[in-house]
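Participant: The working numbering numbers the first residue of the sequence shown as 225 and each following residue consecutively. In this text, a Cβ means the ideal position worked out from N, Cα and C, and glycines have one as well.
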Amino acid sequence: MRNHWTLDTIDWSKFDRSKVDPAMMRAVKAASLVEYNARDYVEYLKQVFKGDPDTIDAIEQWGGEETQHGDALGRWCEIADPTFNFKREFARFRQGYTPAHFVNADGSVRGSRIGELIARCVVECGTSSGYTALRDATEEPVLKQIAGLIAADEFRHYRLFYDLMHRQQEQLPAFWERLKIAATRVSEAEDDELSYAFYCANVTPEQTASVKYDRKACFNAYQACAMRMYRRPHIERATAMIGRAIGLHPESYVVKLSGRAFWEVIRWRTWAAGGADTVHQKAA
Ligand SMILES: [Fe+2]
Ligand SMILES: [Fe+2]
């Protein structure tokens, strides 16, 4: 990872316990496990891009950076909450979560390499806006620094997959197909990955007997912790980036309207999820 920041770049001495927001920390714990799990995605993407060594090099570099995001966030969480054991919770998460398409993956589950890259762009839009929102929302200096470094990486990752998409020789899928791939990937945010990471990160092994995994409850709990960080510009920017990935002009009417609609959905969800971290309430 040439010229990339390391864990030594972070000024850990600036940590200020009084500025830790407990709900925000619960969301960060979940994010640390998901980020650290990038190895599986690297192996899957290497299958999808078999025979293209330049892309495989770029994917390996990308995966190394994602794993480092997990490391940095995990270390911060261990400092902020000494009961959190990053490697232990990660092992539990990894044991219980294996998406079907990572098992015997042969080709892209999105139907084409371009489809796969559209899905990657959607994820990097989400992480780029998520860490920007975290950087802007947190008052804890070390977390602010980490979130800023990660947000810049995630934006660069979006550019990487966007540029790779335009370098593919295959036929570009029709617009409605691209829209469907992007919408499917957005909706997959509610799948097991984030919910189960939230569970492993916030329910200790000793608590698992009394607090059972409930995907919906964990997803709502994550929403309750994370969604209040967002402000309108974060969502509008993410929508413009997704629009661009599927070939829409970021300034177009449909993109602007979608940005407003997404913002209303987030506001509604934040309101609906208010106080809904029932996972934390049961584990407390
Ligand atoms: Fe990341
Ligand atoms: Fe990324």
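1) Starting from the C-beta of H228, find all residues in its chain whose C-beta is less than 7 Å away, skip the five residues before and the five after it, and write them out in chain order.
2) Quick check: R316 and C424, are their CB atoms within less than 8 Å of each other?
3) Tell me the start and end of each unbroken alpha helix (DSSP H) in the stretch 251 to 285 that is at least 4 residues and wholly inside, in chain order.
4) According to the neighbour-count rule (16 or more other Cβ atoms, all chains shown, within 10 Å of its Cβ), is H381 buried or exposed?
5) With distances taken from each beta carbon to the nearest heavy atom of ligand 1, which residues come in below 6 Å, in chain order?
6) Report yes or no: do three or more beta-carbon pairs, one from the stretch 476 to 488 and one from the stretch 461 to 468, lie closer than 8 Å?
7) Suppose the cutoff is 6 Å on Cβ atoms and the five residues either side in sequence are ignored; what does the same chain contact list for T432 look like?
8) Could you tell me the boundaries of the alpha helix (DSSP H) in which G471 lies?
9) Between the alpha carbons of T563 and L388, how many angstroms are there, rounded?
10) Could you give the DSSP three-state label for V478: helix, strand or coil?
11) For a test of the three-state rule: what should DSSP assign to H381, helix, strand or coil?
12) Let's test the definition: count the other Cβ atoms within 10 Å of the Cβ of W400 and tell me whether it reaches 16, buried, or not, exposed.
13) Any contact between the stretch 238 to 245 and the stretch 415 to 430? By contact I mean 3 or more CB pairs, one from each, below 8 Å.
14) Excluding the 5 residues flanking D520 on each side, which residues of the same chain have their C-beta closer than 6 Å to its C-beta?
15) Work out the CA separation of W492 and T356 for me, nearest whole Å.
16) So what does DSSP say about V346, is it helix, strand or coil?
17) Tell me where the alpha helix (DSSP H) around K311 begins and ends.
18) Could you work out which residue in I490, M451, I470 and I374 is closest to L231 when comparing CA atoms only?
19) Using only the heavy atoms of ligand 2, determine whether one of them is closer than 7 Å to the beta carbon of H381.
20) I'd like to know if the stretch 293 to 306 and the stretch 249 to 259 are in contact, where contact means that at least 3 CB-CB pairs between them fall below 8 Å.
21) What do you get for E430, buried or exposed, if any count of 16 or more other CB atoms within 10 angstroms of its CB means buried?
22) Taking C-beta to C-beta, are A469 and V346 nearer than 8 Å?
23) With hydrogens ignored, establish whether the beta-carbon of E417 is closer than 7 Å to any heavy atom of ligand 2.
24) Work out the CA separation of Q395 and I405 for me, nearest whole Å.
Facilitator: For this structure:
1) Within the sequence shown, the letter at position 4 stands for residue 228. Spatial neighbours of H228 in its own chain (CB-CB distance under 7 Å, excluding positions within 5 residues in sequence) are listed in chain order as E289.
2) By 1-based counting over the sequence shown, the position of residue 316 is 92. By 1-based counting over the sequence shown, the position of residue 424 is 200. Yes, the Cβ-Cβ distance between R316 and C424 is below 8 Å.
3) Entirely contained in the stretch 251 to 285, the alpha helix (DSSP H) runs reaching 4 residues are, in chain order, 262 to 272.
4) One-based indexing of the sequence shown puts residue 381 at position 157. Around the beta-carbon of H381, 16 or more other beta-carbon atoms lie within 10 Å, marking it buried.
5) Ordered along the chain, the selected set is E259, E290, H293, T351, I374 and E378.
6) As far as the Cβ criterion goes, the stretch 476 to 488 touches the stretch 461 to 468, which means the pair count is three or higher.
7) For the purposes of this step, residue 432 is taken as the residue at position 208 of the sequence shown. Correct list: empty, nothing qualifies.
8) Residue numbering aside, residue 471 sits at position 247 when the sequence shown is read from its first letter. Annotation for G471: no alpha helix (DSSP H) segment contains it, and DSSP assigns it neither H nor E.
9) What the structure shows of the chain is the stretch from 225 to 508, and residue 563 is not part of that stretch, so it cannot be assessed.
10) Locating residue 478 in the sequence shown gives position 254, where the first residue counts as 1. DSSP places V478 in helix when its eight states are reduced to three.
11) Position 157 of the sequence shown, counted from the start, is the residue given in the question as residue 381. For H381, the three-state secondary structure derived from DSSP is helix.
12) The residue given as residue 400 occupies position 176 in the sequence shown. Exposed, because fewer than 16 other Cβ atoms sit within 10 Å of the Cβ of W400.
13) By the C-beta criterion, the stretch 238 to 245 is judged not to be in contact with the stretch 415 to 430, since fewer than 3 inter-stretch pairs fall below 8 Å.
14) Nothing can be reported for residue 520: it is not among the residues displayed for the chain, which extend from 225 to 508.
15) Counting from 1 along the sequence shown, the entry for residue 356 is found at position 132. Counting from 1 along the sequence shown, the entry for residue 492 is found at position 268. Distance between the alpha carbons of T356 and W492 is about 21 Å.
16) If you number the sequence shown from 1, residue 346 lands on position 122. Here V346 sits in helix by DSSP.
17) Walking along the sequence shown from the start, residue 311 turns up at place 87. Element bounds for K311: F310 to G320.
18) In the sequence shown, counting from the first residue as 1, residue 231 sits at position 7. It is I374 whose Cα lies nearest to the Cα of L231.
19) Your numbering for residue 381 matches position 157 in the sequence shown. Yes; taking the cut-off as 7 Å, the Cβ of H381 has a heavy atom of ligand 2 nearer than that.
20) Result yes; three or more Cβ-Cβ pairs closer than 8 Å.
21) Position 206 of the sequence shown, counted from the first residue, corresponds to residue 430. Its Cβ having fewer than 16 others within 10 Å, E430 is exposed.
22) Taking the first residue of the sequence shown as 1, we reach residue 469 at position 245. Taking the first residue of the sequence shown as 1, we reach residue 346 at position 122. Closer than 8 Å, so yes.
23) Position 193 of the sequence shown, counted from the first residue, corresponds to residue 417. E417 Cβ: outside cutoff for every heavy atom of ligand 2.
24) Numbered from its first residue, the sequence shown carries residue 405 at position 181. Numbered from its first residue, the sequence shown carries residue 395 at position 171. A direct Cα-to-Cα measurement between I405 and Q395 gives close to 15 Å.
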